[in-house]
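Please read the structure below before turning to the comments.
Residue numbers (our numbering): 20 to 484.
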């Protein structure tokens, strides 16, 4: 199978962000050396991955604060966040090609932590599906098998991290968009509790705010160290602190695992087998593991689809207000416009849908009572071939395929609870990784990270090539 990897390219390629920061801080390597090597790896990997929208050649103005925790460490940013001096595409031909005057709050935090931004990365149009394929930039490919998708919507970021081009990358998640590509690419992807990190701009106006910032990483410690550093910048209000997480926890957890999504949609056999193996590993580690029925009601799937369609309608109809003068609705893809038309026909039921989604957090917490962690597949099947969820697929077919592929991640966005996708060490028939999702109660990121450290230690995961 065709793979893309740059781990042998230089002395820094296999290092995670924590190691990169350490060698720069110690003087064993300069920030310029580490960044130049990463730029070369991006240039080598991108022709086969198609993961970047904007390459930043003059990185001087995008160097983070010196003497910060990640000073000099290279990073890439998903192209739905503003970075002053660059365009923000949102993966759409409809969005005007204007240069941002200001940097978004979360990207500003990444710069304050010391990261140096080397590129902006691909996403599907407005991040509305679970593959990174768009009319504007084409298809972003999976480093493990470039005939297959790397997932979405933070697909460009995941592709570059998995290929070894950068140690970690910015991602965000409105329905699984950090966890889905993490699963597809064999990475760590944590969606935090609502309010844990500074919210993306504009999301405070959403009737139900489902979007959270984050990152995809190759190691649990990079995710833990990033969250610890972000917490130092902006402690979350009304949530227990995460603190510094450096090792597995000692408490044995009550873990419920479920291979079936809402609506009794079963995962593919290889996915179920990988989940079963992960559940058995947790049992061997001393956790109490039981299988349960899915705690998410079938109505949730209908409500989330209606709400997601409403967001598509709003993006199309209010594009000028959201993205500025020059927004061209005629350039919005058929998929997004069809989603909007679907939503328009569902508007009568939207108030009840929003009410149910707002009440879902309490319902979900009650349904999962008695368990510390719910273990599910991150995805219903292995990452499909390029084109399976592409912009040219008819709307009805696309939605059916999307629900069967990516129905396990949305409940945590609506409930606001944290969830982390980890590699299982298992692969689908086409050699692409399968992930497992661990979700906890609101504010339980520390527990999830401690469990992730334990699983990583017991079952280390690999890299393409």
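Using N, Cα and C, we set each Cβ at its ideal position, and we do this for glycine too.
In this text the structure is predicted, and so the values were computed from the model without any measurement.
DSSP three-state call for residue i: helix, strand or coil?
| i | result |
| --- | --- |
| residue 137 | strand |
| residue 124 | helix |
| residue 172 | coil |
| residue 274 | strand |
| residue 451 | coil |
| residue 107 | coil |
| residue 446 | strand |
| residue 209 | strand |
| residue 323 | helix |
| residue 292 | helix |
| residue 233 | strand |
| residue 166 | strand |
| residue 193 | coil |
| residue 115 | coil |
| residue 307 | strand |
| residue 22 | coil |
| residue 71 | strand |
| residue 473 | helix |
| residue 412 | coil |
| residue 219 | coil |
| residue 394 | strand |
| residue 426 | coil |
| residue 187 | strand |
| residue 100 | coil |
| residue 152 | strand |
| residue 225 | coil |
Give the C-beta separation of residue i and residue j to the nearest angstrom, bearing in mind that I take them to be a contact with Cβ-Cβ under 8 angstroms.
| i | j | result |
| --- | --- | --- |
| residue 396 | residue 294 | 5 angstroms |
| residue 183 | residue 141 | Wrong, their Cβ atoms sit about 18 angstroms apart, outside the cutoff. |
| residue 190 | residue 212 | Not confirmed; about 16 angstroms, so no contact. |
| residue 146 | residue 108 | Incorrect: roughly 11 angstroms between the Cβ atoms, too far for contact. |
| residue 164 | residue 450 | 5 angstroms |
| residue 445 | residue 340 | That belief does not hold up - the Cβ atoms of residue 445 and residue 340 are roughly 45 angstroms apart, past 8 angstroms. |
| residue 136 | residue 102 | 7 angstroms |
| residue 236 | residue 36 | 7 angstroms |
| residue 215 | residue 258 | 6 angstroms |
| residue 117 | residue 343 | 6 angstroms |
If distances are taken between C-alpha atoms only, which option among the options comes closest to residue i?
| i | options | result |
| --- | --- | --- |
| residue 187 | 238, 25, 196, 83 | 238 |
| residue 310 | 443, 299, 29, 23 | 299 |
| residue 263 | 472, 329, 94 | 472 |
| residue 442 | 125, 342, 202 | 202 |
| residue 61 | 51, 74, 344 | 74 |
| residue 457 | 276, 446, 479 | 276 |
| residue 322 | 63, 282, 270, 290 | 282 |
| residue 240 | 40, 57, 254, 193 | 40 |
| residue 112 | 133, 144, 55 | 144 |
| residue 398 | 382, 421, 405 | 421 |
| residue 286 | 101, 402, 474, 42 | 402 |
| residue 426 | 411, 415, 410, 400 | 400 |
| residue 139 | 222, 439, 161, 97 | 97 |
| residue 160 | 393, 478, 407, 411 | 407 |
| residue 71 | 53, 26, 105 | 105 |
| residue 437 | 168, 233, 424 | 233 |
| residue 220 | 121, 320, 194 | 121 |
| residue 272 | 253, 261, 242, 307 | 307 |
| residue 530 | 274, 381, 23 | This structure does not reach residue 530, given that the chain is present from 20 up to 484, and the question cannot be answered. |
| residue 302 | 470, 67, 77, 44 | 470 |
Taking all protein chains shown into account, decide if residue i is buried (16 or more other Cβ within 10 angstroms of its Cβ) or exposed.
| i | result |
| --- | --- |
| residue 280 | buried |
| residue 80 | exposed |
| residue 49 | exposed |
| residue 467 | buried |
| residue 86 | exposed |
| residue 152 | buried |
| residue 34 | buried |
| residue 69 | buried |
| residue 30 | exposed |
| residue 125 | buried |
| residue 198 | buried |
| residue 114 | buried |
| residue 156 | buried |
| residue 375 | buried |
| residue 154 | buried |
| residue 482 | buried |
| residue 256 | exposed |
| residue 205 | buried |
| residue 349 | exposed |
Please determine if the region 219-235 and the region 425-441 are in contact, where contact requires at least 3 C-beta pairs separated by less than 8 angstroms.
yes
Pairs of beta-carbons, one from the region 116-134 and one from the region 324-332, closer than 8 angstroms: are there three or more?
no
Any contact between the region 334-350 and the region 84-93? By contact I mean 3 or more CB pairs, one from each, below 8 angstroms.
no
With a cut-off of 8 angstroms, do at least 3 Cβ pairs link the region 452-464 to the region 306-323?
no
Given 8 angstroms, three or more beta-carbon pairs between the region 385-395 and the region 356-373:
no
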